[in-house]
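Below is one structure; the comments refer to it alone.
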Amino acid sequence: MNPQNLTQHLQNAKKAKDILSQLPHCVRQSFLRESAKNLLDLEKTILKANQKDLKNAKTLNLSSAMLERLTLDSKKIHLMAKSLCEIADFPDPLNRILDGFSNYCDLKIQKVSVPLGVIAIIYESRPNVTSDTAGLCFKSGNVCILKGGKEAQHSNEAIIQAFYKSLKSHNLPKEAITLLPSLKNREELKQILAAKDFIDLVIPRGGEGLINFVSEFAKMPIIKHDKGVCHIFAHHSCKQDLAIRVIVNAKTSRPSVCNACETLLIDSLFAREFLPKIAQALHQKGTILKGCKECCAILKQSQIPCEKITLKSYHQEYNDNILNLRIVKGLKEALKHIQEFGSGHSEAILSEDYSVAEEFLNQVDSACVYVNASTRFSDGGEFGYGAEVGISTAKIHARGPMGVDTLTTYKYKIRGNGQIRE
């Protein structure tokens, strides 16, 4: 898309936001339910397009994590449709009175939820993001501009047809939901990131390179969905069978996703007892273990391979079935490690000591903090949002799984009776 065409398109998108912001809730619900039906009707077309992307992916040398995220099947398409129906059934996020009061001169002041406007979402690999974000933005009265990765372009184009059909049948402007064509390079992406007069917010989802690029060049506000260096701290008071089950799930159920555990911290008071047990359970799942000198020495005695790593490696998000291990001296050292190496995504403690667990909850500065549960629950669907725009690791406006409500802001409506300020 050349600069002139992009500018024209963004101008039309800005006009469309006035229409979407005023759409009755029943129309937005009807649109989402029809889009869900269209997705199911287009299942064969979407899967065929996805196979084309997977074939092309072989020439792009994508990682196993990217391939796993790229792959669609019938189950995933049905889940996408289900999510749209769930989003449709949620209460209207717009025009809610968030607060109301009268001031000293009897002005009636209401704080009311409204759409953000035009949202650009830039993402990689996962085609279901196209459906989820389009649905969430439409429900909340926002225009969305979607820019997926070139590796998923055919899949994204097939999915977006479900929404274009609904826009047409509801006599709504096509610019209300836009999937941009593949860009030749990131220089073209700069054109989008510079369009501060048309785009109100940009949300990047993807690898560290994409996030850094958007953060550097965006001229409008951004909400980052940064990497997930998630931790689990196994305290010596934990129930070991429960702990093993949670850790194995957090690492191996879907290693490619951002809420998978990347580092396991083990309390030194029971490391020699517990570490071989959890290492054996993970080894049976094909997990590659890496760790500190002490971890490697303990596991060597049990003949379980463990690669020695430097402190720098604890910053790594593998998105693969690889786990970092480190022995720490109690809660204080665990907190210090998470503060230094964490990305603010999700952390968990496994402990039966109430005071220790509560201190962990209070001290850890991450979007999601768990006690005796897997970090894999950090997900919009699991939180009851139907879907998510992503997991925000930012602290301003939205944090953690972003559902419909986080795509709104507010304004004040003030009603008076001739009041003037002295």
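Throughout the sequence shown, residue numbering follows numbering that gives the first Met the number 0, covering 0 to 421 in sequence. Just so you know, even glycine gets a beta-carbon here, dropped at the ideal spot from N, CA and C. In this text, all values refer to a predicted model and were calculated from it rather than measured experimentally.
Just grab the DSSP bridge partners of Phe100 for me.
Within the sequence shown, residue 100 is the residue found at index 101, counting from 1. Its beta-bridge partners are Ile108.
One question on the structure: do Val117 and Phe216 come within less than 8 angstroms of each other, judged by their Cβ atoms?
Position 118 of the sequence shown holds residue 117. Position 217 of the sequence shown holds residue 216. Contact flag unset, no.
Just the C-alpha distance for Lys149 and Leu71, rounded to the nearest angstrom, thanks.
Against the sequence shown, residue 149 aligns to sequence position 150. Against the sequence shown, residue 71 aligns to sequence position 72. In a straight line, the C-alpha of Lys149 is about 16 angstroms away from that of Leu71.
Leaving aside the five residues before and after Leu281 along the sequence, list all residues of the same chain whose C-beta is less than 8 angstroms from its C-beta, in chain order.
As a working note, residue 281 is residue 282 in the sequence shown. Excluding positions up to five away in sequence, the list reads Ile246, Val247, Lys250, Thr251, Leu288, Leu322.
For Val256, count neighbouring Cβ atoms within 10 angstroms of its own Cβ and tell me buried if that reaches 16, exposed if not.
To locate residue 256, count along the sequence shown from 1; it is residue 257. Buried: at least 16 other Cβ atoms inside 10 Å.
On a CA-only basis, which of Tyr103, Ala151, Val128, Asn94 is nearest Lys57? Give me that one, please.
Residue mapping note: residue 57 aligns to position 58 of the sequence shown, counting from 1. It is Ala151.
From this set, Ala372, Lys189, Asp199, Arg271, which residue's C-alpha is nearest Glu293's C-alpha?
Translated into positions along the sequence shown, residue 293 becomes position 294. The shortest Cα separation from Glu293 among Ala372, Lys189, Asp199, Arg271 belongs to Arg271.
Return the chain-ordered list of same chain residues with a C-beta closer than 8 angstroms to the C-beta of Leu93, the five sequence neighbours on each side being excluded.
Here residue 93 refers to the residue found at position 94 when the sequence shown is read from its first residue. Contacts found: Ser20, His24, Ser112, Val113, Pro114, Ser139, Gly140, Thr407.
Enumerated in chain order, which unbroken segments of the beta strand (DSSP E) with a length of 3 residues or greater are wholly contained in the region 303-348?
321-327
Ordered along the chain, which non-local residues of its own chain (more than five positions away) have a Cβ less than 6 angstroms from that of Glu346?
Mapped onto the sequence shown, residue 346 falls at position 347. Excluding positions up to five away in sequence, the list reads His230, Ile337, Val363, Ser365, Val368.
Assign Tyr353 to buried or exposed, taking buried as 16 or more other Cβ atoms, counted over all protein chains shown, within 10 Å of its Cβ.
Numbered from its first residue, the sequence shown carries residue 353 at position 354. With fewer than 16 Cβ atoms within 10 Å of its Cβ, Tyr353 is classed as exposed.
Quick one: any contact between the region 235-244 and the region 197-213, if contact means 3 or more CB pairs under 8 angstroms?
no
Using CA coordinates, which residue listed in Asp225, Lys307, Ala278, Phe212 is at the minimum distance from Asp240?
Numbered from its first residue, the sequence shown carries residue 240 at position 241. By alpha-carbon distance to Asp240, the top candidate from Asp225, Lys307, Ala278, Phe212 is Ala278.
Output the boundary residues of the alpha helix (DSSP H) element that contains Lys74.
Here residue 74 is taken as the residue at index 75 of the sequence shown, counted from 1. 73-88 is the extent of the alpha helix (DSSP H) around Lys74.
Measuring straight from C-alpha to C-alpha, what distance separates Met219 and Lys36?
The residue labelled residue 219 in the question sits at position 220 within the sequence shown. The residue labelled residue 36 in the question sits at position 37 within the sequence shown. Going from the Cα of Met219 to the Cα of Lys36 covers about 35 angstroms.
Please look up how many angstroms separate the CB atoms of Asp120 and Cys143, rounded, as I've assumed it's under 8 angstroms.
Position 121 of the sequence shown, counted from the first residue, corresponds to residue 120. Position 144 of the sequence shown, counted from the first residue, corresponds to residue 143. Contrary to the premise, residue 120 reads as Ile rather than Asp in this sequence. With 8 angstroms as the limit, Ile120 and Cys143 qualify as a contact, their Cβ atoms being about 6 angstroms apart.
Please state the DSSP three-state secondary structure of Cys291.
Your numbering for residue 291 matches position 292 in the sequence shown. Residue state for Cys291 is assigned as coil, using DSSP reduced to three classes.
Using three-state DSSP, classify His224 as helix, strand or coil.
Position 225 of the sequence shown holds residue 224. His224: strand per DSSP, three-state reduction.
Check the C-beta distance from Cys84 over to Arg27 and give it rounded, since I have them as a contact under 8 angstroms.
As a first step, residue 84 must be located in the sequence shown, where it is residue number 85. As a first step, residue 27 must be located in the sequence shown, where it is residue number 28. So it is not a contact: roughly 13 angstroms between Cβ atoms.
Assign Ser391 to one of two classes, buried (16 or more other C-beta atoms within 10 Å of its C-beta) or exposed (fewer than that).
Against the sequence shown, residue 391 aligns to sequence position 392. By the 10 Å Cβ count, Ser391 comes out buried.
Any idea if Tyr122 is buried or exposed, counting beta-carbon neighbours within 10 angstroms, 16 or more meaning buried?
Residue numbering aside, residue 122 sits at position 123 when the sequence shown is read from its first letter. Classification of Tyr122: buried, given that the 10 Å Cβ count is 16 or more.
If contacts are defined as beta-carbon pairs under 8 angstroms, then Gly108 and Asn102 qualify, I think. What distance do you get, rounded to the angstrom?
In the sequence shown, residue 108 corresponds to position 109, counting from 1. In the sequence shown, residue 102 corresponds to position 103, counting from 1. Note that residue 108 is Ile in the sequence shown here, rather than Gly. Taking C-beta atoms under 8 angstroms as the contact rule, Ile108 and Asn102 qualify, at a distance of about 6 angstroms.
Is Lys223 buried or exposed, if buried means 16 or more other CB atoms sit within 10 Å of its CB?
Here residue 223 is taken as the residue at index 224 of the sequence shown, counted from 1. Under this definition Lys223 is a buried residue.
Among the candidates Tyr384, Gly206, Ile413, Leu188, whose CA atom is the shortest distance from the CA of Lys81?
As a position in the sequence shown, residue 81 is number 82, starting the count at 1. The candidate whose alpha carbon is nearest that of Lys81 is Tyr384.
Roughly how many angstroms separate the alpha carbons of Ile297 and Val228, rounded to a whole number?
The sequence position of residue 297 within the sequence shown is 298, counting from 1. The sequence position of residue 228 within the sequence shown is 229, counting from 1. So the two alpha carbons sit approximately 24 angstroms from each other.
Helix or strand or just coil, what does DSSP make of His8?
On the sequence shown, residue 8 is found 9 positions in, with the first residue counted as 1. DSSP places His8 in helix when its eight states are reduced to three.
Just to confirm the assignment, what range does the beta strand (DSSP E) spanning Val247 have?
The residue labelled residue 247 in the question sits at position 248 within the sequence shown. That residue, Val247, is in no beta strand (DSSP E); its alpha helix (DSSP H) goes 239-251.
Around the C-beta of Lys47, are 16 or more other C-beta atoms found within 10 angstroms, so that it is buried, or is it exposed?
The count along the sequence shown starts at 1 and reaches residue 47 at position 48. Lys47 is exposed by the Cβ-count criterion.
Along the chain, where does the beta strand (DSSP E) that runs through Cys25 open and close?
Within the sequence shown, residue 25 is the residue found at index 26, counting from 1. Counting along the chain, Cys25 falls outside any beta strand (DSSP E), though it belongs to the alpha helix (DSSP H) covering 24-40.
Tell me whether Thr132 is buried or exposed, calling it buried when 16 or more other Cβ atoms sit within 10 Å of its Cβ.
Along the sequence shown, read from residue 1 onward, the residue named residue 132 stands at position 133. Thr132 counts as buried, since at least 16 other C-beta atoms from the protein chains shown sit within 10 angstroms of its C-beta.
Please state if the CB of Ala161 and the CB of Leu38 are separated by a distance shorter than 8 angstroms.
For this step, residue 38 is matched to residue 39 along the sequence shown. For this step, residue 161 is matched to residue 162 along the sequence shown. Contact flag set, yes.
Measure from the alpha carbon of Asp98 to the alpha carbon of each residue in Thr374, Gln418, Tyr409, Ala259, then state which is nearest.
Your numbering for residue 98 matches position 99 in the sequence shown. Comparing Cα positions, the closest option is Tyr409.
In this structure, how does DSSP classify Leu115 when only helix, strand and coil are distinguished?
Translated into positions along the sequence shown, residue 115 becomes position 116. Coil at Leu115, not helix or strand.
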